[in-house]
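Peer 1: Residue numbers for the sequence shown, in our numbering: 555 to 820. Before I ask anything, let me first share the structure, which is written out below as structure tokens.
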Amino acid sequence: MIKIKIPLFVFLFTVLLISCNNKTNSDKSIAKTETKALKKILFVVTSHDEKGDTGEKTGYYLGEVSHPWDVLHTAGYEIDFVSPLGGKAPVDAFDMTDSINKKFWDNDLYRNKIENTKKPNEVHPDDYVAIHYAGGHGAMWDFADNLEIAEIAKQIYENNGVVSAVCHGPAGLVNIKLSNGSYLVDGKKVNAFTNEEEIKVKLENVVPFLLEDTLKERGAIFEKSAPFNMHVVTDNRLITGQNPQSAHSVGKATLNELQRLTKSAK
555 MIKIKIPLFV FLFTVLLISC NNKTNSDKSI AKTETKALKK ILFVVTSHDE
605 KGDTGEKTGY YLGEVSHPWD VLHTAGYEID FVSPLGGKAP VDAFDMTDSI
655 NKKFWDNDLY RNKIENTKKP NEVHPDDYVA IHYAGGHGAM WDFADNLEIA
705 EIAKQIYENN GVVSAVCHGP AGLVNIKLSN GSYLVDGKKV NAFTNEEEIK
755 VKLENVVPFL LEDTLKERGA IFEKSAPFNM HVVTDNRLIT GQNPQSAHSV
805 GKATLNELQR LTKSAK
């Protein structure tokens, strides 16, 4: 038998290389496990496409979907869409000069999702760590009284999840009641599209109710900035933004809250 002598430094280098490869594979496995551990986020969009009897079209405000989506999708969360009627959701403020709007609209997967939204009875609340209500004037007609989506939001919140909404999206919050019978917004700091902003767009007598007033009636502590200035409020896993200018910051605040909850659970 011929014995081959391997220099000591070659032997040590080989052992080190194998060890590094094993660590790399282990790190990749951990990373994959952590990615899979990120649950989904549910976005709510309106099915309503007319501003009362004005003859003007409306729907969900594209930037109030795309900007939070960009923040959360980039962070690794998968996003699903639900609307009161399911199917194709009407879109408002279709501004492709906004690079984030274009990025969202050009994403084939998410373009297909928002054009084929889930019906409320197709949603399993336990699949989601957060729910986000996107605005657009259409939300004023079909969010508040949709008890199915309100129940989904309640379950997500009571599962220690996050509820967020922006602009007219908080219309979906006004009738959410928790298991103890209290309104979700009762005693919490919130904001939304203000009375002043509604007057400035000349729709205060067109919308079925004024969002600011109704949130106050439900016990919310309403905060606001001057019309069309960015304003975001976080209070006990409830995140609200005042207007379209606040959409990106709502996404960031939601991400921060989800990361905080993840750390506290460890």
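Here a beta-carbon is modelled for each residue, glycine too, at the ideal position from N, C-alpha and C.
1) Could you compute how far the alpha carbon of residue 759 sits from the alpha carbon of residue 818?
2) Looking at the strands, I want to know which residues DSSP matches up with residue 646.
3) Counting pairs of beta carbons, one from the stretch 705–722 and one from the stretch 774–794, are three or more of them closer than 8 Å?
4) Would you say the stretch 609–619 touches the stretch 674–694, given that touching needs at least three Cβ pairs under 8 Å?
5) Could you tell me which residues DSSP pairs with residue 718 in its beta bridges?
6) Got a sec: does the ligand NAD put a non-hydrogen atom nearer than 6 Å to the Cβ of residue 808?
7) Mapping DSSP to helix, strand and coil, what is residue 672?
8) In terms of residue numbering, what span does the alpha helix (DSSP H) encompassing residue 658 cover?
9) Closest by CA to residue 757, which one among 804, 647, 594, 606?
10) Would you mind giving the Cβ-Cβ distance between residue 702 and residue 675, rounded to the nearest angstrom? I have them listed as a contact below 8 Å.
11) Could you check what DSSP says for residue 809 in three-state terms: helix, strand or coil?
Peer 2: Reading it off the structure:
1) Near 45 Å, if we compare the C-alpha coordinates of residue 818 and residue 759.
2) DSSP lists 615 as the beta-bridge partner residues of residue 646.
3) Touching, per the Cβ criterion.
4) Result yes; three or more Cβ-Cβ pairs closer than 8 Å.
5) 686, 793.
6) In terms of ligand content, the structure shown is empty, and the ligand NAD therefore cannot be addressed.
7) If DSSP states are grouped into helix, strand and coil, residue 672 belongs with the strands.
8) Here the alpha helix (DSSP H) through residue 658 covers 653–659.
9) It is 606 whose Cα lies nearest to the Cα of residue 757.
10) Yes, residue 702 and residue 675 are in contact; Cβ-Cβ is about 7 Å, under 8 Å.
11) For residue 809, the secondary structure class from DSSP, reduced to helix, strand or coil, is helix.
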